[in-house]
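I have placed the structure first, in the form of structure tokens, so that the comments after it can refer back to it.
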Amino acid sequence: EAGVTQFPSHSVIEKGQTVTLRCDPISGHDNLYWYRRVMGKEIKFLLHFVKESKQDESGMPNNRFLAERTGGTYSTLKVQPAELEDSGVYFCASSRRTLTNTEAFFGQGTRLTVV
Amino acid sequence: QKEVEQDPGPLSVPEGAIVSLNCTYSNSAFQYFMWYRQYSRKGPELLMYTYSSGNKEDGRFTAQVDKSSKYISLFIRDSQPSDSATYLCAMSPWGQDDKIIFGKGTRLHILP
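Here you go:
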């Protein structure tokens with residue numbers, strides 16, 4: 001079974017440009033999460049999808065960030081326009097809740113560098 | 116005050132030693148306590164999970180939660196070079212997968 005996959009693995013863009021990150025969750029996982037780790041800081045929650053609906057987007061830093069999950073499958077996170085402080089590693093995670101297990105599986109992350 | 120405090124290390128120990136990693140937290144609402152292992156350029160991988168207080172053992176790994184002290188620990192027995200990684204403590208009030216609050220992570224090096 002394929003794990004959570006993220007594209008691209010690394011992206012370098014100039015300040016002011018637009019970048020779109022993609023996450024493909026594990027098949028059958030209704031829950032999809034985005035997290036971000038800024039250098040020197042903890043991994044922090046950004047938002048949570050249940051299928052195609054945003055369940056919680058309280059961690060989104062500002063309106064330059066837009067997340068979508070059309071059709072409840074893969075998700076994209078767009079940053080427009082990118083700022084220097086947006087640099088970091090963006091992780092996606094997915095889960096399928098059962099009575100006994102709600103483990104979140106993480107992707108390898110997308111390393112975003114804004115110059 | 117940060118919700119979760121974790122010493123970032125690095126921590127270097129000889130192969131075969133017992134490793135002790137720990138975190139403190141401030142939010143009494145946390146009920147789900149996790150330890151993740153992260154290798155370089157990889158995503159976090161769930162290692163251990165405990166609900167509420169108590170101990171949990173899985174092979175060479177033991178997780179402890181002391182809610183009265185707001186303190187959690189991970190012990191690794193008979194440490195191996197393959198255990199070298201960053202270990203992240205993580206917590207949530209709502210669920211194992213829900214809006215997880217992470218510590219900074221401790222970099223661990225097991226010396227052969």
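Chains as they are written, first to last, in the numbering used here: chain A, 1 to 115; chain B, 116 to 227. Just so you know, even glycine gets a beta-carbon here, dropped at the ideal spot from N, CA and C.
Through-space distance from B:Ser-199 to B:Glu-130, alpha-carbon basis: The straight-line gap from Cα to Cα measures roughly 10 Å.
9 Å Cβ cut-off: residues of chain A touching B:Leu-161: Glu-103, Ala-104, Phe-105 and Phe-106
Check whether B:Asp-122 and B:Thr-221 have beta carbons under 8 Å apart: yes
Distance CB(A:Phe-49)-CB(B:Gly-158) smaller than 8 Å: no
Rounded separation between B:Tyr-147 and A:Leu-47 - CA only: 19 Å
Reduced DSSP secondary structure (H/G/I, E/B, other) of B:Ser-167: coil
For A:Gly-109, the nearest candidate out of A:Gly-16, A:Ile-13 and A:Asp-24 (CA to CA): A:Asp-24
Runs of beta strand (DSSP E) lying entirely within the region 189-221 of chain B, each at least 3 residues, in chain order: 200-207
Within 7 Å of chain B by C-beta, residues of the region 40-60 of chain A in sequence order: Within the region 40-60 of chain A, the qualifying residues are Glu-42, Ile-43, Phe-45, His-48 and Asp-56.
Chain-ordered residues of the region 183-212 of chain B with a beta carbon less than 9 Å from chain A: Here the close residues are Leu-203, Ala-205, Gly-210, Gln-211 and Asp-212.
Paired residues, beta bridge with B:Ile-187 - DSSP: B:Cys-138 and B:Val-180
Residues near B:Tyr-166 in its chain [Cβ-Cβ closer than 7 Å; skip 5 each side]: Correct list, in chain order: Gln-146 and Tyr-147.
Distance, A:Thr-102 Cα to A:Cys-31 Cα: The amino acid occupying residue 31 of chain A in the given sequence is Asn; Cys does not appear at that position. Cα-Cα distance, rounded: 10 Å.
6 Å CB neighbourhood of A:Val-12 in its chain, flanking five on each side removed: Hits under 6 Å: Thr-113.
Helix, strand or coil at B:Asp-122 [DSSP, three-state]: coil
Whole-number beta carbon distance between B:Phe-176 and B:Leu-162, since they are thought to touch under 8 Å: Correct: roughly 6 Å between the Cβ atoms.
A:Phe-91 at chain B interface by Cβ criterion, 8 Å: yes
Chain-order list of residues whose beta-carbon lies under 8 Å from that of A:Pro-81 (same chain, five-residue window excluded): Lys-15, Gly-16, Gln-17, Thr-18 and Arg-64
C-alpha gap between A:Ser-75 and A:Ser-58, whole angstroms: 17 Å
Alpha-carbon to alpha-carbon, B:Tyr-140 and B:Tyr-186: 7 Å
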